[in-house]
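Structure first, then comments.
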Amino acid sequence: MGLVYLHNLGGWLINDDEGAFLYQVWRISEGARPYEDLFTSRWPLFLYTGAGWMRIVGAEVVPMRMLSVCLTLGTAVIVFLVARQTLPAGAALLSMVVFLLHPDVFRFGRSFQPEPFYMFFNTLGLYLFAWGQRKGRVAAHIGAGLTFSVASLYKLLAALVPVGCTLFLSVRWLREQESRRRIALQAMAFLLPYVALFSLTAASFMLGIPQFYDSVIGVNLAQGLELTPLQVALKGLKFLVGYLLNSLSFLLLAFPAAWRGWSGDRETALPSWQLPTALAFLGLSRALFPRLLLYLVPPLSVLFAATLEPIRLLPRRSLLLLAIVGVVFIPWTVSDAQMLLRSEQDTMAISRYIQARIPPDAHVLSDYQGLNFYARRPSTYSGAEISYVVAAGGQVTGADLIAEIEEADVKMVLVDVSPQTAHQ
Numbered sequence: 004m005g006l007v008y009l010h011n012l013g014g015w016l017i018n019d020d021e022g023a024f025l026y027q028v029w030r031i032s033e034g035a036r037p038y039e040d041l042f043t044s045r046w047p048l049f050l051y052t053g054a055g056w057m058r059i060v061g062a063e064v065v066p067m068r069m070l071s072v073c074l075t076l077g078t079a080v081i082v083f084l085v086a087r088q089t090l091p092a093g094a095a096l097l098s099m100v101v102f103l104l105h106p107d108v109f110r111f112g113r114s115f116q117p118e119p120f121y122m123f124f125n126t127l128g129l130y131l132f133a134w135g136q137r138k139g140r141v142a143a144h145i146g147a148g149l150t151f152s153v154a155s156l157y158k159l160l161a162a163l164v165p166v167g168c169t170l171f172l173s174v175r176w177l178r179e180q181e182s183r184r185r186i187a188l189q190a191m192a193f194l195l196p197y198v199a200l201f202s203l204t205a206a207s208f209m210l211g212i213p214q215f216y217d218s219v220i221g222v223n224l225a226q227g228l229e230l231t232p233l234q235v236a237l238k239g240l241k242f243l244v245g246y247l248l249n250s251l252s253f254l255l256l257a258f259p260a261a262w263r264g265w266s267g268d269r270e271t272a273l274p275s276w277q278l279p280t281a282l283a284f285l286g287l288s289r290a291l292f293p294r295l296l297l298y299l300v301p302p303l304s305v306l307f308a309a310t311l312e313p314i315r316l317l318p319r320r321s322l323l324l325l326a327i328v329g330v331v332f333i334p335w336t337v338s339d340a341q342m343l344l345r346s347e348q349d350t351m352a353i354s355r356y357i358q359a360r361i362p363p364d365a366h367v368l369s370d371y372q373g374l375n376f377y378a379r380r381p382s383t384y385s386g387a388e389i390s391y392v393v394a395a396g397g398q399v400t401g402a403d404l405i406a407e408i409e410e411a412d413v414k415m416v417l418v419d420v421s422p423q424t425a426h427q
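Written out as structure tokens, the structure is:
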């Protein structure tokens with residue numbers, strides 16, 4: 004699977020989100036300061052990790068994507084280890100394959116985005132937490148809390164995984180009266196380090212970088228303020244139902260094991276209590292995208308394998324197991340293959356066009372910041388990240404861009420007006 008993930012990494016270049024991140028870390032690797040010299044809605048840990056790696060490997064897309072691939076493969080190994088806590092080796096191996104074949108994992112695991120980073124640390128934290136639960140080790144819970152904190156500093160959404168662990172401990176506390184003191188100590192052992200490290204780091208960002216809050220947190224909170232609570236809840240419900248319908252066979256096969264976990268089965272309880280955290284999206288007014296639920300794929304992969312494990316005991320189990328797995332794997336494999344084989348030359352052709360006409364120190368404004376990265380031409384402050392999210396949050400306006408075009412004496416403006424791919 005590692006060779007599959009590495010195949011044709013540079014075949015398809017244009018990607019609006021990844022392009023913005025590549026441009027930002029390139030500028031930072033050259034000495035620019037995030038939030039001060041260029042606008043970004045990303046957390047500093049992701050940006051400086053990328054900038055540090057870029058200084059080592061150079062400003063090239065394939066090595067940047069290889070970093071994401073390595074993290075994704077590492078996450079797959081940790082998924083295996085999480086599953087191996089309660090399942091036989093064969094079932095744990097199945098959970099790892101399920102994770103790697105999942106179309107969203109395949110898509111984001113082969114591009115330079117925050118998802119591979121926060122998923123690696125979240126899954127590592129989940130493993131440490133599960134190991135601590137089985138062995139009763141306080142140190143493992145402390146390590147889990149610190150690891151979850153690192154994940155949240157890559158992307159705030161990662162906080163939902165420790166929330167799931169807290170739900171798991173809360174249910175145990177309610178059901179196991181004789182163990183309440185021990186469970187409470189375990190909760191404090193992982194929550195206190197998590198809260199302490201995350202809070203201190205986030206507070207230092209807010210105090211040391213005046214623009215940090217508005218750029219990273221405020222831009223998300225500003226979206227959808229015109230919606231009523233009912234409209235927000237209905238929007239979130241539509242989002243979750245859409246995800247359910249798009250992943251129906253996968254979720255249906257994970258559900259029996261999840262139900263056992265909710266009903267008190269200790270073997271599947273921990274991954275099962277990750278799933279209710281998705282209800283948090285019923286209260287988010289911001290725009291919702293399927294990638295926001297990517298954090299659920301590791302626990303769902305373990306639950307999928309746990310559901311199918313009893314089938315191995317049935318007569319003619321191999322054929323039945325193959326048929327069931329095929330219902331999920333065949334559509335996924337087709338989707339992954341289509342993504343794997345994509346190629347285009349337009350991005351580099353446009354980049355060469357820009358390089359031939361614009362001096363290296365002159366500014367170019369594009370709604371695809373990846374073009375700035377590939378052409379090695381700087382954009383304006385707000386032009387470092389132009390997207391629906393930042394526009395809807397009011398962080399970037401047309402008036403701002405016009406003023407920056409005049410102030411920076413921008414030599415070229417590129418806007419995608421295609422009906423299929425235009426941002427506006």
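In this text, residue positions in the sequence shown follow my numbering: the first is 4, and each later residue adds one.
Even glycine gets a Cβ: it sits at the ideal position worked out from N, Cα and C.
Handout entry: Of the listed residues S32, L177, A308 and R269, nearest to V82 (C-alpha basis)
Key = Comparing Cα positions, the closest option is A308.
Problem - Beta-carbon spacing of P165, Y130 below 8 Å - result: In this structure, Y130 does not lie closer than 8 Å to P165 by Cβ.
Exercise for the section: Quickly, what does DSSP pair S369 with across the bridge? List them, please. Expected result: DSSP lists L417 as partners of S369.
Problem - Close beta carbons around D107, own chain, < 6 Å, minus the five adjacent residues each side - result: L297
Practice task
Ignoring anything shorter than 4 residues or poking outside the region 289-355, list the alpha helix (DSSP H) runs there in chain order.
Solution key: 300-311 and 320-343
Handout entry: Reduced DSSP category for L41 - H, G, I as helix; E, B as strand; rest coil
Key = Taken through DSSP and simplified to helix, strand or coil, L41 comes out as strand.
Exercise for the section: With a threshold of 16 other CB atoms inside 10 Å of the CB of V420, please say whether the residue is buried or exposed. Expected result: exposed
Practice task
In angstroms with no decimal places, state the Cα-to-Cα distance between V392 and A225.
Solution key: Taking the straight line joining both Cα atoms gives about 10 Å.
Practice task
Between the Cα of G139 and those of W176, G148, A154 and I186, spot the shortest distance and give me the residue it belongs to.
Solution key: In terms of CA proximity to G139, I186 leads the group W176, G148, A154 and I186.
Practice task
Measuring alpha carbon to alpha carbon, tell me which of H366, A257, R113 and Y121 ends up nearest Y8.
Solution key: Of the listed residues, the one whose Cα sits closest to Y8 is R113.
Problem - Beta-carbon spacing of M342, R36 below 8 Å - result: no
Handout entry: C-alpha gap between Y246 and S32, whole angstroms
Key = 37 Å
Handout entry: Alpha-carbon spacing of G13 relative to P279, whole angstroms
Key = 37 Å
Handout entry: Whole-angstrom distance between A147 and W176, CA atom to CA atom
Key = 19 Å
Exercise for the section: Please report how far the alpha carbon of A86 lies from the alpha carbon of F284, in whole angstroms. Expected result: 27 Å
Practice task
Ignore the nearest five residues each way along the sequence and tell me which others in G167's own chain have a CB closer than 6 Å to its CB.
Solution key: W276, Q277 and T280
Handout entry: For A199, the nearest candidate out of V305, L104 and L149 (CA to CA)
Key = Of the candidates V305, L104 and L149, the one whose C-alpha sits nearest the C-alpha of A199 is L149.
Handout entry: Integer-rounded CB distance, given that Q358 should sit under 8 Å from A378
Key = 5 Å
Problem - Counted within 10 angstroms of its Cβ, other Cβ atoms place R289 as buried (16 or more) or exposed - result: buried
Practice task
List in chain order: all unbroken alpha helix (DSSP H) runs of 4+ residues lying wholly within the region 151-225.
Solution key: 163-178 and 183-211
Handout entry: Under 8 Å between C-beta atoms of L25 and F120
Key = no
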